[in-house]
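Per the numbering used here, the very first residue in the sequence shown carries number 2; after that it's consecutive.
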Amino acid sequence: MSATDTQTQAIPTGTWTADTVHSSVGFEVPYAVAIFSGDVHEFEASLEDGTIKGTAKIASLQTKDENLQAHLLSPEFFDAERNPEVSFSGSEIKRDGDNVEIPGEITIKGISQPATLKGTITGPAIDHFGKNRLGLKLETTIDRTKHDITWNMPLPNGDQALANDVTLKADLTLVAAEA
């Protein structure tokens with residue numbers, strides 16, 4: 002392996018924080034015959050010397066339906082009043098070229114479960130303002146019932162309206178702390 006290959010494989014050191022203007026966090030879940038999605042508008046994420054942490058404020062969850070949004074914040078789903086945040090913590094980032102895998106733990110409704118984020122890394126690169134930026138596009142699929150999110154409704158054909166598997170997505174632009 003050449004020095005260039007080693008450099009390409011390395012995870013940048015130092016402290017990096019999410020630029021929330023240029024980042025997004027959301028979810029997708031099969032619902033009836035389609036995919037339902039939503040976004041969380043208030044979140045934080047950081048990368049520090051190979052560990053990554055993130056939190057998302059459930060009250061900032063946005064969907065296209067206000068009634069549904071209220072239902073998602075209720076005890077039948079996220080119980081946002083008692084459990085205001087979802088969090089992820091990963092202590093290792095495995096990199097293979099542009100691909101990354103981050104084993105860690107996700108906590109939803111106070112219940113922690115193992116989860117592995119998979120995706121791609123871009124950069125680091127200096128932007129037009131002189132800031133050092135790094136891109137991470139990550140996702141994982143969780144079983145919502147393992148986090149006590151069990152609401153469902155039968156469809157006329159006997160299937161359940163809402164799938165148990167939910168895909169969580171984060172498209173992050175991280176900015177290096179200035180020395």
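Just so it is clear, CB atoms sit at the ideal spot from N, CA and C, and this is done for glycine as well.
For this session: Return the first residue and the last residue of the beta strand (DSSP E) that Glu49 is part of.
Result: Numbered from its first residue, the sequence shown carries residue 49 at position 48. Counting along the chain, the beta strand (DSSP E) containing Glu49 begins and ends at 44-49.
Exercise. What is the residue span of the beta strand (DSSP E) that Ala126 lies within?
Worked result: Here the question's residue 126 lines up with position 125 in the sequence shown. Segment 112-127, the beta strand (DSSP E) holding Ala126.
Exercise. Are there 16 or more other CB atoms within 10 angstroms of the CB of Arg83, so buried, or fewer, so exposed?
Worked result: Within the sequence shown, residue 83 is the residue found at index 82, counting from 1. Around the beta carbon of Arg83, fewer than 16 other beta carbons sit within 10 angstroms, so the residue counts as exposed.
Exercise. Is it the case that the Cβ atoms of Lys58 and Val41 are separated by a distance below 8 Å?
Worked result: By 1-based counting over the sequence shown, the position of residue 58 is 57. By 1-based counting over the sequence shown, the position of residue 41 is 40. Taking 8 Å as the Cβ cut-off, Lys58 and Val41 qualify as a contacting pair.
For this session: My understanding is that Thr18 touches Leu175, with C-beta atoms under 8 Å, so please give their C-beta distance in whole angstroms.
Result: On the sequence shown, residue 18 is found 17 positions in, with the first residue counted as 1. On the sequence shown, residue 175 is found 174 positions in, with the first residue counted as 1. Yes, they are in contact, since the Cβ atoms of Thr18 and Leu175 sit about 6 Å apart, within 8 Å.
For this session: Using a threshold of 8 Å, state whether the C-beta atoms of Ile107 and Val101 are closer than that.
Result: As a working mapping, residue 107 is identified with position 106 in the sequence shown. As a working mapping, residue 101 is identified with position 100 in the sequence shown. Contact flag unset, no.
Exercise. Using a threshold of 7 Å, is the CB atom of Arg145 nearer than that to any non-hydrogen atom of the ligand SAH?
Worked result: By its list of ligands, the structure shown contains no ligand whatsoever, and the ligand SAH lies outside what it can speak to.
Exercise. Span of the alpha helix (DSSP H) holding Asn68?
Worked result: As a working note, residue 68 is residue 67 in the sequence shown. Start and end: 67-74.
For this session: Per DSSP, which residues does Lys95 bridge with? Please list them.
Result: Position 94 of the sequence shown, counted from the start, is the residue given in the question as residue 95. Looking at the DSSP output, Lys95 bridges to Glu102.
Problem set entry | Residues of its chain near Ile36, where Cβ-Cβ distance is below 6 Å and the 5 sequence neighbours each way are ignored | Stepping through the sequence shown from its first residue, residue 36 is reached at position 35. Closer than 6 Å at Cβ, skipping near neighbours: Glu29.
Exercise. Which of helix, strand or coil does DSSP assign to Lys170?
Worked result: Counting from one through the sequence shown, the residue named residue 170 turns up at place 169. Correct three-state label for Lys170: strand.
Problem set entry | Nearest-angstrom Cα separation, counted from Glu45 out to Trp152 | The residue you call residue 152 lines up with position 151 of the sequence shown. The residue you call residue 45 lines up with position 44 of the sequence shown. Rounded to whole angstroms, Trp152 and Glu45 show a C-alpha spacing of 28 Å.
For this session: Check the C-beta distance from Lys110 over to Asp149 and give it rounded, since I have them as a contact under 8 Å.
Result: The count along the sequence shown starts at 1 and reaches residue 110 at position 109. The count along the sequence shown starts at 1 and reaches residue 149 at position 148. Between Asp149 and Lys110 the Cβ distance is about 5 Å, and since that is below 8 Å, they are a contact.
Problem set entry | Proximity of Ile103 and Lys147 at Cβ, strictly below 8 Å | For the purposes of this step, residue 103 is identified with residue 102 of the sequence shown, where counting begins at 1. For the purposes of this step, residue 147 is identified with residue 146 of the sequence shown, where counting begins at 1. In this structure, Lys147 does not lie closer than 8 Å to Ile103 by Cβ.
Problem set entry | Coil, strand or helix - Thr21 by DSSP | As a position in the sequence shown, residue 21 is number 20, starting the count at 1. Reduced to three states, the DSSP call for Thr21 is helix.
Problem set entry | Close-in-space but distant-in-sequence residues of the same chain around Pro155 (CB under 8 Å, 5 per side omitted) | One-based indexing of the sequence shown puts residue 155 at position 154. Non-local beta-carbon contacts of Pro155 in its own chain, meaning distances under 8 Å to residues more than five positions away in sequence, involve Gln161, Ala162 in chain order.
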